[in-house]
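Engineer: Just so you know, the protein sequences line up as chains A and B, in that order. Okay, so the first sequence: first residue is 1 according to the numbering used here, each after it adds one. Okay, so the second sequence: first residue is 1001 according to the numbering used here, each after it adds one. Yeah, the Cβ is synthetic: ideal placement off N, Cα and C, and Gly gets one too. Take a look at the following structure, please.
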Amino acid sequence: MNAQVRPRTELLLELADDELILGWRNSEWTGIAPFLEEDVAFSSIAQNEIGHARALYDLAAEELGTDADALAFDRKPEEYRCAPLVQLQLVPDWARTIARHVLYEAADAIRIERLKEHEDAEIAGIAAKIEREEVYHRLHAEMWLERLRGEDRYTAAVDELWPYALGVLAPELRPALAEQVGREQVDAVERSAPGPEFAELWEEMTMVRRSAPVGAQW
Amino acid sequence: MKAQLTEAAVWEALAEIPDPEIPVISLVDLGVVKSVAVEAERVRIEFTPTFMGCPALDVMRARMEDAVTALGGEPDVDVLLDDSWSTDKITPAGREKLREAGFAPPAPQAQGSTTLLQLQSAVHRCPYCGSTETRLDNIFGPTPCRSVRYCTSCRQPFEQFKTI
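Encoded structure:
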């Protein structure tokens, strides 16, 4: 991996990293969500997001001459390109978790809609396939938004995470998100080399891969 | 060996492979085999995955390769990561088998995106008692492809295939 990757690869890795890391964060609720239905929902959403990441890594891997697992687990922490929003460790705060869920799904919907029109047929195809599953994530987020809208803790969480949500999208797509969410556009928390919160996640996420040689069979 | 290696023979073999998670339905009934092409020994199968995070996909692929090998062919399974699979690709026979096994089959794909209201108000027949007095209990279920519904007539929770 180096800084010379093509824009197409860059785009695929950004998308894949967002989905992998959000999937990982969502899976941290498995077993400890506030009630059983949410345990199932968050685990299932996590599984979908990680599935999307795998397909996106597969496409990037073809260009880079590697494989999806290598891209997901063999890079150094500073090489990941995920947005700061997905890196935040929010367990056990349910209000902030739902705020991130609602904001991420809104941003992701705008991004996918744009990618479905992409001139690269493979990217457009994968975006359309991802969209079929994302519909259900949005419906789930919508259900929670109806429940928590106007609650103090939820509002405070959205206030806090709003600049992060803008940072998920390329600058030209941010006005659409501001309109969708009904908020003023502010300075976004931009993608940059991941911080200490991510390093901790990376340690755990890559532990098995680092402890066993590539190609190990169980 | 080669005498057996026709496209029809390959389709027939694939129709014998059960879905790894819902074995009442075959891969052909599930609609994931988009095409089969035989050129001499080489058998190219276009495979369209269902849900992208479904762990059964690798198993399906391996079993298709085994089936082709058993016919004396060289398998070349091409995984298509495009938008060609939807739940509308499940065959009528496949839908019936799902129902008999206690899964409500997916509703047909509607125009435009599904809304929460549609999901909650859609009529799904209970696969156990046939009542339409059922409600959505959880959008998500035990696998990515299923939702959980509850029948208020026979008080039985049941699983329903998501429409995607």
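Interface residues of chain A around B:Pro1092 at Cβ under 8 Å?
Structural biologist: In the second sequence, residue 1092 of chain B corresponds to position 92, counting from 1. None at all; the shortest Cβ gap to chain A is about 21 Å.
Engineer: Ignore the nearest five residues each way along the sequence and tell me which others in A:Asn2's own chain have a CB closer than 8 Å to its CB.
Structural biologist: Start at 1 with the first residue of the first sequence, and residue 2 of chain A comes out as number 2. Reliability fails at A:Asn2, whose pLDDT of 47 lies under 50, so the model's placement of it is uncertain and the value that follows must be treated cautiously. Closer than 8 Å at the Cβ level, and outside the excluded window around A:Asn2, lies no residue.
Engineer: Pair every Cβ in the region 117-130 of chain A with every Cβ in the region 147-160 of chain A, then say whether three or more of these pairs are closer than 8 Å.
Structural biologist: Contact fails: fewer than three Cβ-Cβ distances are below 8 Å.
Engineer: Roughly how many angstroms lie between the CA atoms of A:Tyr136 and A:Glu49, to the nearest whole one?
Structural biologist: Taking the first residue of the first sequence as 1, we reach residue 136 of chain A at position 136. Taking the first residue of the first sequence as 1, we reach residue 49 of chain A at position 49. About 12 Å.
Engineer: Closer than 9 Å, CB to CB, is A:Glu37 near chain B or not?
Structural biologist: As a working mapping, residue 37 of chain A is identified with position 37 in the first sequence. Judged by the 9 Å Cβ criterion, A:Glu37 is in contact with chain B.
Engineer: I'd like the list of long-range same chain contacts for A:Leu166, defined as Cβ closer than 6 Å, with 5 residues on each side in sequence excluded.
Structural biologist: Stepping through the first sequence from its first residue, residue 166 of chain A is reached at position 166. So the qualifying residues of the chain are Arg174 and Ala188.
Engineer: So what does DSSP say about A:Arg75, is it helix, strand or coil?
Structural biologist: The residue given as residue 75 of chain A occupies position 75 in the first sequence. A:Arg75 falls in the coil class under three-state DSSP.
Engineer: Taking the alpha carbon of B:Pro1018 as the reference point, which residue from B:Ala1009, B:Val1079 and B:Lys1097 has its own alpha carbon closest?
Structural biologist: Residue mapping note: residue 1018 of chain B aligns to position 18 of the second sequence, counting from 1. Of the listed residues, the one whose Cα sits closest to B:Pro1018 is B:Lys1097.
Engineer: Secondary structure at B:Ser1160, three-state DSSP: helix, strand or coil?
Structural biologist: One-based indexing of the second sequence puts residue 1160 of chain B at position 160. Here the sequence assigns Gln to residue 1160 of chain B, which means Ser is not the residue at that position. Residue state, collapsed to three classes: strand.
Engineer: So A:Gln180 contacts chain B; which residues on that side make the cut at Cβ distance below 8 Å?
Structural biologist: Within the first sequence, the letter at position 180 stands for residue 180 of chain A. Neighbours of A:Gln180 on chain B: none; closest Cβ ~14 Å, over 8 Å.
Engineer: Step through the CB atoms of chain A and report whether any lies within less than 9 Å of the CB of B:Thr1114.
Structural biologist: Position 114 of the second sequence, counted from the first residue, corresponds to residue 1114 of chain B. Judged by the 9 Å Cβ criterion, B:Thr1114 is in contact with chain A.
Engineer: Give the single residue among B:Ser1131, B:Asp1083, B:Thr1091 and B:Val1033 whose Cα lies nearest to the Cα of A:Ala124.
Structural biologist: On the first sequence, residue 124 of chain A is found 124 positions in, with the first residue counted as 1. A:Ala124 has its Cα closest to that of B:Asp1083, out of B:Ser1131, B:Asp1083, B:Thr1091 and B:Val1033.
Engineer: Compare the Cα-Cα distances from B:Thr1134 to each of B:Gln1118, B:Thr1143, B:Cys1154 and B:Cys1145 and report the closest residue.
Structural biologist: Your numbering for residue 1134 of chain B matches position 134 in the second sequence. Answer by Cα proximity: B:Cys1154.
Engineer: What residue range is occupied by the uninterrupted beta strand (DSSP E) comprising B:Phe1047?
Structural biologist: Here residue 1047 of chain B corresponds to residue number 47 of the second sequence, with the count starting at 1. Run containing B:Phe1047: Arg1042 to Phe1047, per the beta strand (DSSP E) assignment.
Engineer: Specify the secondary structure class of B:Phe1140 as computed by DSSP and reduced to three states.
Structural biologist: For the purposes of this step, residue 1140 of chain B is taken as residue 140 along the second sequence, with counting starting at 1. Here B:Phe1140 sits in coil by DSSP.
Engineer: Would you mind stating whether A:Pro163 and A:Val186 have Cβ atoms separated by less than 9 Å?
Structural biologist: In the first sequence, counting from the first residue as 1, residue 163 of chain A sits at position 163. In the first sequence, counting from the first residue as 1, residue 186 of chain A sits at position 186. The answer is yes: Cβ separation under 9 Å.
Engineer: Measuring CA to CA, which of A:Ala178, A:Leu161, A:Ala95 and A:Leu12 is closest to A:Leu71?
Structural biologist: Counted from its first residue, the first sequence places residue 71 of chain A at position 71. Considering only alpha carbons, the answer is A:Leu12.
Engineer: Ignore the nearest five residues each way along the sequence and tell me which others in B:Ser1086's own chain have a CB closer than 7 Å to its CB.
Structural biologist: Working through the second sequence from its first residue, we reach residue 1086 of chain B at position 86. So the list reads Gln1109 and Ile1164, once near-sequence residues are dropped.
Engineer: Among the residues of its own chain, which have a CB less than 8 Å from the CB of A:Arg191, if the five just before and after it don't count?
Structural biologist: Start at 1 with the first residue of the first sequence, and residue 191 of chain A comes out as number 191. Contacts found: Glu14, Arg81, Cys82, Ala83, Pro84 and Gly167.
Engineer: Would the beta-carbon of B:Val1043 fall within 9 Å of that of B:Glu1074?
Structural biologist: For this step, residue 1043 of chain B is matched to residue 43 along the second sequence. For this step, residue 1074 of chain B is matched to residue 74 along the second sequence. Yes.
Engineer: At a Cβ cut of 8 Å, what residues of the region 136-149 of chain A count as close to chain B, listed as they run along the chain?
Structural biologist: Correct list: Tyr136, Leu139, His140, Glu142 and Met143.
Engineer: Please report whether the beta-carbon of B:Ser1086 lies at a distance below 9 Å from any beta-carbon of chain A.
Structural biologist: One-based indexing of the second sequence puts residue 1086 of chain B at position 86. At least one chain A Cβ lies under 9 Å of B:Ser1086.
Engineer: Here's the rule I'm using: 16 or more other beta-carbon atoms within 10 Å means buried, otherwise exposed. How should B:Met1001 be labelled?
Structural biologist: Walking along the second sequence from the start, residue 1001 of chain B turns up at place 1. For B:Met1001, the predicted structure reports a pLDDT of 49, less than 50, and the residue's modelled location is therefore unreliable. The matter cannot be settled from this model.
Engineer: Between the alpha carbons of A:Glu30 and B:Glu1046, how many angstroms are there, rounded?
Structural biologist: Against the first sequence, residue 30 of chain A aligns to sequence position 30. Against the second sequence, residue 1046 of chain B aligns to sequence position 46. A small correction: the amino acid at residue 30 of chain A is Thr; Glu does not occupy that position in the sequence shown. A:Thr30 and B:Glu1046: Cα-Cα distance of roughly 35 Å.
Engineer: Secondary structure at A:Pro34, three-state DSSP: helix, strand or coil?
Structural biologist: The residue given as residue 34 of chain A occupies position 34 in the first sequence. Three-state result, A:Pro34: coil.
Engineer: To the nearest angstrom, how far is the alpha carbon of A:Leu201 from that of A:Asp69?
Structural biologist: The sequence position of residue 201 of chain A within the first sequence is 201, counting from 1. The sequence position of residue 69 of chain A within the first sequence is 69, counting from 1. Cα-Cα distance, rounded: 16 Å.
Engineer: Please list, in chain order, all residues of the same chain as A:Leu59 whose beta carbon is under 8 Å from its beta carbon, the five residues on each side excluded.
Structural biologist: Walking along the first sequence from the start, residue 59 of chain A turns up at place 59. Excluding residues within five positions, the ones whose Cβ falls inside 8 Å are Leu12, Glu122, Ile123 and Ile126.
Engineer: Determine, using beta carbons only, whether B:Leu1081 comes closer than 9 Å to chain A.
Structural biologist: Stepping through the second sequence from its first residue, residue 1081 of chain B is reached at position 81. Judged by the 9 Å Cβ criterion, B:Leu1081 is in contact with chain A.
Engineer: Taking buried to mean at least 16 other C-beta atoms within 10 Å of its own C-beta, is B:Val1038 buried or exposed?
Structural biologist: For the purposes of this step, residue 1038 of chain B is taken as the residue at position 38 of the second sequence. Counting Cβ neighbours within 10 Å, B:Val1038 comes out buried, since at least 16 surround it.
Engineer: I'd like the span of the alpha helix (DSSP H) that includes A:Arg6, first residue to last.
Structural biologist: In the first sequence, counting from the first residue as 1, residue 6 of chain A sits at position 6. Segment: none, A:Arg6 is in no alpha helix (DSSP H) and carries neither H nor E.
Engineer: What residue does the beta strand (DSSP E) around B:Val1038 start on, and which one ends it?
Structural biologist: Counted from its first residue, the second sequence places residue 1038 of chain B at position 38. Looking at the DSSP string, the run of the beta strand (DSSP E) that includes B:Val1038 is Val1033 to Glu1039.
Engineer: Within 9 Å (strictly less), CB to CB, does B:Asp1076 reach chain A?
Structural biologist: Here residue 1076 of chain B is taken as the residue at index 76 of the second sequence, counted from 1. So no, B:Asp1076 is outside the interface.
Engineer: Have a look at A:Glu133 and B:Leu1081 and give me their C-alpha separation to the nearest angstrom.
Structural biologist: Indexing the first sequence from 1 puts residue 133 of chain A at position 133. Indexing the second sequence from 1 puts residue 1081 of chain B at position 81. So the alpha carbons of these two residues sit roughly 14 Å apart.
Engineer: What do you get for A:Gly23, buried or exposed, if any count of 16 or more other CB atoms within 10 angstroms of its CB means buried?
Structural biologist: Start at 1 with the first residue of the first sequence, and residue 23 of chain A comes out as number 23. So A:Gly23 ends up on the buried side.
Engineer: Note down the Cα distance separating B:Pro1127 from A:Thr66, rounded to an integer number of angstroms.
Structural biologist: The residue labelled residue 1127 of chain B in the question sits at position 127 within the second sequence. The residue labelled residue 66 of chain A in the question sits at position 66 within the first sequence. Looking at the two C-alpha atoms, the distance is approximately 46 Å.
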